[in-house]
Amino acid sequence: MSAKQLCDALAAAGFDSGDPLDPESLDWAFLQGDDSSRVLAWIAARLRRANVLSASDLELYDQLELEGKLLEGKDLDSAFDSISAFSETGENHEYTFLSEESLGDIRDSKLALRAEVSDLEKKLASLEWQLDLLTAHATTITQGKKSRTSAKTSATGKLARFDEELAKRSLEMNEVLGKLVATIQELSYYHSETDIGVYLSYCDFQSYIISNLACTKELNTWFTKKFEKGALRFVAKEDMPRGDSEKPHRFVVELKRINSVFAKSKKQYIEAQMEHANEEATLSKLRAQLASQHSYIHEDIHSLRRRNSELTEELKDLSLQVQECLSETVASLCSDLARLEGANILQGVIT
């Protein structure tokens, strides 16, 4: 593309300035760069007389625009299609150009269509508002479902924890009951007669103590009789006046016999006293064991009663909490169902 070709295109398009254009004076525009040369080449290639409006055409265009008779966009396409279809039939070529009345009808139909479009836009806005409302209701219902699910999960977790705590308390109570049963069995074994050689009752020792006291009294009486009023004094009193020489020998023999009997009796007495002391120690030990077992039993009974009262209170609290959870869950479910029914009714009315 050169400046001469551009001047020729301008002249062909009807450019008239009195003097002819000098191509050399326009060479500088083609030397500025690739972009300017490509733009000028595009203008020169598409510049035709048919593409250029004359002064009268421009005046007519301005007049039509002021009067509102200018067709643009879809209106122009529709009018062009109508004219093309009308011209293709080959009939009524004298009505190719629209009259003033047909333009008025087109304008009226255009206004009616615009009004209809406005009504449809209003209806569309109303439907969009209703859709937003339904979306908000759906969001609220979804949030309600999530809250109900979380509440149900928390309630289930609480119930599970309560069950675990109850199971733990039940195990503790069973352990205490097992200890109590073992203590009762041991106590009943102590009071039974299965092992009399080890476990003796107080009544058995009472009879033994009575017999032991009687035996001790008899021994004391016998020793008193033998030594304070015994054979030695009798022999001395009887033999000294007679002056019998054989009596001292008999006296010595009798004294030895009495000493041997006394030693044997004293040994038996000491052994009896030792056995009595051992039995007294065993009896005191058994009494201490029995007292300790009684104290353990009383402590276990009191602890069981206390645990029973605590478990009863905990069961009451748990039942109240379960009832509260159920009431809250049922109330929330009823409200959600009512909300869902309202949303369904509203959706049915909209439909």
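The sequence shown stops at residue 351 when you use UniProt numbering, and every number in between is there.
All C-beta atoms in this analysis are idealised placements derived from N, C-alpha and C, irrespective of residue type, glycine included.
Given the structure is predicted, the values throughout are model-derived calculations rather than measurements.
What is the DSSP secondary structure of residue i, reduced to helix, strand or coil?
i	result
LEU70	coil
GLU94	Residue placement at GLU94 is poorly supported in this model, since its pLDDT is 47, which falls under 50; the coordinates still yield a value, given next. Looking at GLU94 - three-state DSSP - the assignment turns out to be helix.
VAL235	The predicted model places VAL235 with a pLDDT of 48, which falls under 50 and marks its position as unreliable, so this point remains unresolved.
GLY243	For GLY243, the pLDDT reaches just 47, beneath the cut-off of 50, and the residue's location in the model is therefore unreliable, leaving the point undetermined.
TYR199	The pLDDT assigned to TYR199 is 46, lower than 50, so where the model puts this residue is not dependable; a value taken from the coordinates is nonetheless given after this. Here TYR199 sits in coil by DSSP.
Quick check: what's the CA-CA separation for residue i versus residue j?
i	j	result
TYR296	LYS316	30 Å
THR139	SER109	44 Å
ALA331	GLU172	37 Å
CYS334	GLY144	11 Å
GLU279	ILE209	10 Å
LYS146	ALA136	15 Å
ASP119	LEU111	12 Å
ASN174	GLU341	52 Å
GLU116	ALA79	20 Å
THR216	LYS256	24 Å
VAL39	ASP8	16 Å
THR183	LEU177	10 Å
MET274	LEU283	14 Å
THR312	ALA291	31 Å
LEU64	LEU70	5 Å
GLU310	ILE270	59 Å
LYS267	GLN289	33 Å
LEU286	THR224	37 Å
ILE258	ALA281	34 Å
SER170	HIS298	21 Å
SER56	ASP105	28 Å
SER188	GLU165	34 Å
ARG114	ARG339	40 Å
GLU254	HIS294	58 Å
ALA214	ARG306	52 Å
ASN308	GLU314	10 Å
LYS122	SER327	46 Å
CYS325	LEU134	30 Å
ASP62	GLU72	14 Å
ARG107	LEU58	23 Å
GLY68	ASP77	17 Å
THR153	ALA167	21 Å
Can you give me the Cβ contacts of residue i inside the same chain, cut-off strictly under 8 Å, excluding the 5 residues immediately before and after it?
i	result
ASN212	ALA272, HIS276
GLN5	ALA44
GLN185	none
ASP336	ILE141, GLY144, LYS145, ARG148
LEU219	SER265, TYR269
TRP222	SER265
How about residue i: is its Cβ closer than 8 Å to a heavy atom in the ligand PLP?
i	result
GLY68	Ligands in the displayed structure: none, and consequently the ligand PLP is not present.
Residues in its own chain within less than 6 Å of residue i by CB, not counting five upstream and five downstream?
i	result
THR329	none
THR351	Only weak support exists for where THR351 lies, its pLDDT of 49 falling under 50; the coordinates are left without a value.
PHE97	With a pLDDT of 48 at PHE97, under the threshold of 50, the modelled position of this residue cannot be trusted; read the value that follows with caution. Hits under 6 Å: none found.
LEU10	none
PHE162	LEU318
What does a CB cutoff of less than 7 Å around residue i pick up in its chain, not counting 5 residues either side in sequence?
i	result
TRP42	none
>> Tell me whether the segment 122 to 135 and the segment 300 to 319 touch, counting them as touching only if at least three CB pairs, one residue from each stretch, are closer than 8 Å.
In response: Output reads no: the segment 300 to 319 does not touch the segment 122 to 135.
> Just checking, does the segment 149 to 167 make contact with the segment 319 to 329 on the three C-beta pairs under 8 Å criterion?
Replying inline: yes
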